[in-house]
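Below is one structure; the comments refer to it alone.
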Amino acid sequence: MFCRHSKMAFFAIFVSAAKLAGVLATVTVAANVFSFERYRRKNLRRFNSPIDESSEILASFNVNAEEENEFFFGLATAPAHVEDRLNDAWLQFAAENPCEKSQSHQGLEPADALMGSATGDGGSQQASLSGKVNKKKKQLKFAMEAMIRGFYKYTEDEAPHEECHHNVAAWHNVPHPEERLKFWSDPDTELKLAKDTGISVFRMGIDWTRIMPEEPVNGLKETVNFAAVERYKWIISRVRSYGMKVMLTLFHHSLPPWAGEYGGWKLEKTVDYFIEFTRTSSKSIVGVAHHVSFMRPYGIFDVAAVSLANSLTLFPYVDSISDKLDYIGINYYGQEVVSGAGLKLVETDEYSESGRGVYPDGLFRMLIQYNERYKHLKLPFIITENGVSDATDLIRRPYLVEHLIAVYAAMTMGIPVLGYLFWTISDNWEWADGYGPKFGLVAVDRENGLARIPRPSYHLFSKVATTGKITREDRARAWNELQRAAKEKKMRPFYRAVDKHGLMYAGGLDESVPRPFVERDWRFGHYEMEGLQDPFSRLSRCILRPFSIKKKRKHIKDDDDELVFQPLEYAV
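At position 530 of the sequence shown the residue is numbered 530 (the UniProt record's numbering), and the sequence of numbers has no breaks.
See the structure below:
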């Protein structure tokens, strides 16, 4: 009898627990559905494209310098990407070889060796680390690894040991990687290429490490490399001699090694040092180039992660200094699809070689959001970076056209945009991805003395920068070439490893893997959201599909008798 009562009691408890679990699951799903609906209304709501796609001129920017409301085109670069003879944290991190500790690569000495002395070029630089600071080197390596691969992938107590990998991908397997693009010793090669596109603004940077090779504990006079300061002044004068204005970047993801050794931005003295560094250059216009991505959830349970990421990255930093700014710079490359704690590779989306989803609508949405938040300050915007890694150049051309159309669409809605800078002129060192992804309008032959080969996108950009116009023909030609390659199932390079769950790893690859071009209409105003991809959302769509009514695509023939789709509002 006792046993029977025990079984009944256990069964009752089990039923109650199952009911409670069912209620909790229902409440959780309902809460996430409600959260997604709020997110969708705020960030994915349908918009009518203000662009008249039947017009011969789709976008027209005022590039006449003698008129008011001039719009400028420019090209952007940065020291750590292009300058030779620069012993910054990236070079030290890349030169260290975990696979063969005793060997150096490509004739490069260990990271703490001398890179040269401050000579007539003002810039050959000594490393700031010595052999007696191995602990500091470890701290610097930990900081770099954590930044690149994430703390969940690499911790100081549990370093990756299952396989040998280089700190920076696609770096040790290219000729003379430490030379970058030799912009320090030979700036004119890049400057002439930039000027020949017809741009009016050249964005470059001053490297903090080069100006302050050591921590300025004894004052600026004892620390500042004044020869490097003079060299930068000379390079700036060269930019102006080509008829271009200079947009000067003072910090571009390249913290001095000596600052990384003691904790970097976590310590207040780093801020003080940076202020002292900025005083070495004069500036009359103050702005912040804010790197933003359009993030969207992959599944119903990823909404919270996206909302949290946006709350931490989109506005807090700009909010804190917005009343001190003359403009807001937007660095935009594409969208990221969040799934759990990682970034999902959506097979039906087009991606750059670096794993960034191509989504021109996102730039339009970002400008709308930022303008709504800061319009009371009457701050104009500058697109300080926009570009795509694409060695084939088939994605880059429509990418350029569609993002400029997105900018123009925002301007027609009253959003003040002063200019647009494309990233970048020539293929260069792309952080932890090394020389793998190709962002340049110009290809670089590293086995032939860094010879430059302009791509078709270089000439397209030049045409747009010179005329200020994007024509219907420009758009159709660029798009149709990409779609032809997709229909022919052609492959192109991809520099991201993907696990069995479709999540992309943060680190790059030494050698690319092939990925097909995707037949998807991602042009501005054409991208259709597929909706959430978790099992619950897919099942719901399958059940409701018979009751939904979809609009049919309307299409017209372009001048080349190939299909060009008209804009279509999407539904999530």
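Note that CB positions come from ideal geometry on N, CA and C, so glycine has one too.
Query, Result
"Please state whether the Cβ-Cβ distance between Leu421 and Ser457 is less than 8 Å.", "no"
"Please tell me whether Asn167 and Ala94 are closer than 8 Å, where the distance is taken between their beta carbons.", "yes"
"Of the choices Asn371, Gln335, Val358, Glu347, whose alpha-carbon is the least far from that of Ser322?", "Asn371"
"Quick one: is Phe494 buried, meaning 16 or more other Cβ sit within 10 Å of its Cβ, or exposed?", "buried"
"Taking only three categories from DSSP, how would you classify Met411?", "helix"
"By the 10 Å Cβ neighbour count, where 16 or more other Cβ atoms means buried, how is Met244 classified, buried or exposed?", "buried"
"Use the C-beta contact count for Tyr232: other C-beta atoms within 10 angstroms, 16 or more gives buried, fewer gives exposed.", "buried"
"Can the beta-carbon of Val82 be found closer than 8 Å to that of Leu181?", "yes"
"Phe73 by DSSP, collapsed to three states: which one?", "strand"
"Are the CB atoms of Ile382 and Gly414 nearer to each other than 8 Å?", "no"
"Report yes if the CB atom of Ala478 is closer than 8 Å to the CB atom of Arg356, and no otherwise.", "no"
"Touch check for the segment 373-390 and the segment 431-451: three-plus C-beta pairs under 8 Å?", "yes"
"Val63 to Phe72, Cα distance in whole Å?", "6 Å"
"Expressed to the nearest angstrom, what Euclidean distance is found between the alpha-carbon atoms of Ala465 and Ser200?", "9 Å"
"Give me the Cβ distance between Gly264 and Leu255, rounded to the nearest whole Å; I'm assuming they're in contact under 8 Å.", "5 Å"
"CB-CB under 6 Å to Ile285, same chain, minus the five flanking residues each way: which ones, in chain order?", "Note that Ile285 has pLDDT 45, beneath the 50 cutoff, so the model's placement of it is unreliable and no number is given."
"Return helix, strand or coil for Met529, following the three-state DSSP convention.", "coil"
"Are there 16 or more other CB atoms within 10 angstroms of the CB of Leu191, so buried, or fewer, so exposed?", "buried"
"When we look at the beta-carbon of Asn225 and count the other beta-carbons within 10 Å, is it buried (16 or more) or exposed?", "buried"
"Kindly examine the ligand ATP and report whether one of its heavy atoms sits closer than 7 Å to the Cβ of Val513.", "Here there are no bound small molecules, and the ligand ATP is not part of this structure."
"Can you grab the Cα-Cα spacing for the pair Arg472 / Ser60, in whole Å?", "12 Å"
"Can the beta-carbon of Gly362 be found less than 8 Å from the beta-carbon of Ser49?", "no"
"Compare the beta carbon distance of Thr278 and Asn331 with 8 Å and say whether it is the shorter of the two.", "no"
"Compare the Cα-Cα distances from Thr280 to each of Trp429, Tyr333, Met212 and report the closest residue.", "Met212"
"Can you tell me whether Glu66 is buried or exposed? The criterion is at least 16 other CB atoms within 10 Å of its CB, across all chains shown.", "exposed"
"Could you compute how far the alpha carbon of Ser354 sits from the alpha carbon of Asn218?", "42 Å"
"With DSSP collapsed to three states, give me the class of Tyr327.", "strand"
"Leaving out five residues on either side along the sequence, give the residues of the same chain with a beta carbon under 6 Å from the beta carbon of Glu430.", "Pro437"
"How should Ile13 be labelled, buried or exposed, when 16 other C-beta atoms within 10 angstroms of its C-beta is the threshold for buried?", "exposed"
"Measuring straight from C-alpha to C-alpha, what distance separates Glu222 and Thr270?", "17 Å"
"For Leu193, does the three-state DSSP call read helix, strand or coil?", "helix"
"Looking only at C-alpha atoms, which of Ile57, Asn428, Arg520, His165 sits nearest to Val358?", "Arg520"
"Using DSSP with H/G/I as helix, E/B as strand and the rest coil, what is Lys463?", "helix"
"Looking at Met247: is its Cβ nearer than 8 Å to the Cβ of Arg203?", "yes"
"List the endpoints of the continuous alpha helix (DSSP H) containing Asp319.", "316-321"
"May I have the straight-line CA-CA distance separating Met411 from Glu488, to the nearest angstrom?", "37 Å"
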